[in-house]
Amino acid sequence: MKWTVIVGRYSPPGEPQPKGEKGAPLRPPYDKAPPKTYQTFKVDLPEHAMVLDALIAVREYQDESLAVRCACRSAICGSCAMWVNGHARLVCTSKLREHTVDGKVTVEAPPSMPIVRDLVCDMKPFWNKNLSVKPWLENKQPVPAGEEY
746 MKWTVIVGRY SPPGEPQPKG EKGAPLRPPY DKAPPKTYQT FKVDLPEHAM
796 VLDALIAVRE YQDESLAVRC ACRSAICGSC AMWVNGHARL VCTSKLREHT
846 VDGKVTVEAP PSMPIVRDLV CDMKPFWNKN LSVKPWLENK QPVPAGEEY
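Counting from 746, one number per residue, gives the positions in the sequence shown under the numbering used here.
Printed below as a string of structure tokens:
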């Protein structure tokens, strides 16, 4: 089945990346993101395909410069969180047929995160918050020797 995927792209190929004092690329802050452009792709995938399958097909067969982050493909890690037709979704579990409007699906990076490129966000703010709350258990007293397991 033919699907039309519209991808919101930041810093598309050909545009120079902003550079810092030492020549390293700058990551755009929230309010200074580069202008977004939309690029349309047509993919041929089965009816049960996920939005992530379409993005991977675009990256593998049409435009290898498309930046997409994904890891587990099982809705466990959250690395594939994106905006699909204006709603937050995990694209690894979002079926194309359920999110297609007039034969098209629009995929964008989440607006609440700083964007590195295309659909990839900078996860440093998330990980910094995660570490600040210590999301693990700690004993109040040291574990006696030999009783850890």
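Even glycine gets a Cβ: it sits at the ideal position worked out from N, Cα and C.
| Item | Value |
| --- | --- |
| Per DSSP, what kind of secondary structure is Ile801 in: helix, strand or coil? | helix |
| Sort out for me which residues DSSP pairs Lys781 with in a bridge. | Tyr755 |
| To the nearest whole angstrom, what separates the beta carbons of Cys815 and Leu797, a pair I think is in contact under 8 Å? | 6 Å |
| Give the range of the beta strand (DSSP E) segment to which Trp828 is assigned. | Ala826 to Val829 |
| What's the gap between the Cα of Arg862 and the Cα of Val878? | 28 Å |
| Does the stretch 801-810 come close enough to the stretch 843-851 to have 3 or more Cβ pairs within less than 8 Å? | no |
| From this set, Thr785, Glu792 and Met746, which residue's C-alpha is nearest Val852's C-alpha? | Thr785 |
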